[in-house]
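Please read the structure below before turning to the comments.
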Amino acid sequence: MANHKSALKRIRSNEKRRERNRMWRSRTRTEFKQATAAIDAGNLEEARQATLEAVRVLDKAANKGVLHRNNAARHKSRLMKRLAELEAQQQ
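Take the sequence shown: its position 79, counting from 1, is numbered 878 in our numbering, and each next residue is one higher.
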């Protein structure tokens with residue numbers, strides 16, 4: 800256990816940051832899974848909405864530093880690619 804005031808404060812602030820990051824990471828995973836499920840279901844309008852929401856959450860997480868920007872870009876790219884394939888199938 801830390802003995803200095805600054806070290807104790809660092810522990811407290813790290814715990815707050817960890818909880819906040821955990822919340823955002825969990826939310827990004829949830830949104831990604833929901834978008835993927837909507838695309839798999841084949842409902843184009845629902846898939847579009849879910850994908851846009853997932854992209855928004857991924858961008859926010861990357862902006863806050865929870866995810867690396869390339870990680871967020873990779874996930875967004877994969878989602879958009881699958882959505883484009885669904886749109887091509889629908890037509």
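Ideal Cβ positions, reconstructed from N, Cα and C, are used throughout, including at glycine.
Using 10 angstroms around the beta-carbon of Glu830, count the other beta-carbons present and answer buried if the total reaches 16, otherwise exposed. Your numbering for residue 830 matches position 31 in the sequence shown. Around the C-beta of Glu830, 16 or more other C-beta atoms lie within 10 Å, and the residue is accordingly described as buried.
Can you have a look at Ile810 and say buried or exposed, based on whether 16 or more other CB atoms are within 10 angstroms of its CB? Translated into positions along the sequence shown, residue 810 becomes position 11. When all chains shown are included, Ile810 counts as exposed.
Looking at the secondary structure, which residues open and close the alpha helix (DSSP H) in which Val856 lies? Numbered from 1 along the sequence shown, position 57 holds the residue referred to as residue 856. Its alpha helix (DSSP H) spans residues 843-863.
Identify which residue in Leu843, Ala834, Leu866 has its Cα closest to the Cα of Arg877. What you label residue 877 is simply residue 78 of the sequence shown in a count that begins at 1. Looking at the Cα atoms, Ala834 is the closest of the given residues.
Do you know whose CA, among Arg824, Arg817, Lys808, Leu882, lies nearest His867's CA? To locate residue 867, count along the sequence shown from 1; it is residue 68. The residue with the shortest Cα to Cα distance from His867 is Arg824.
Let's test the definition: count the other Cβ atoms within 10 Å of the Cβ of Ala836 and tell me whether it reaches 16, buried, or not, exposed. As a working note, residue 836 is residue 37 in the sequence shown. Counting Cβ neighbours within 10 Å, Ala836 comes out exposed, since fewer than 16 surround it.
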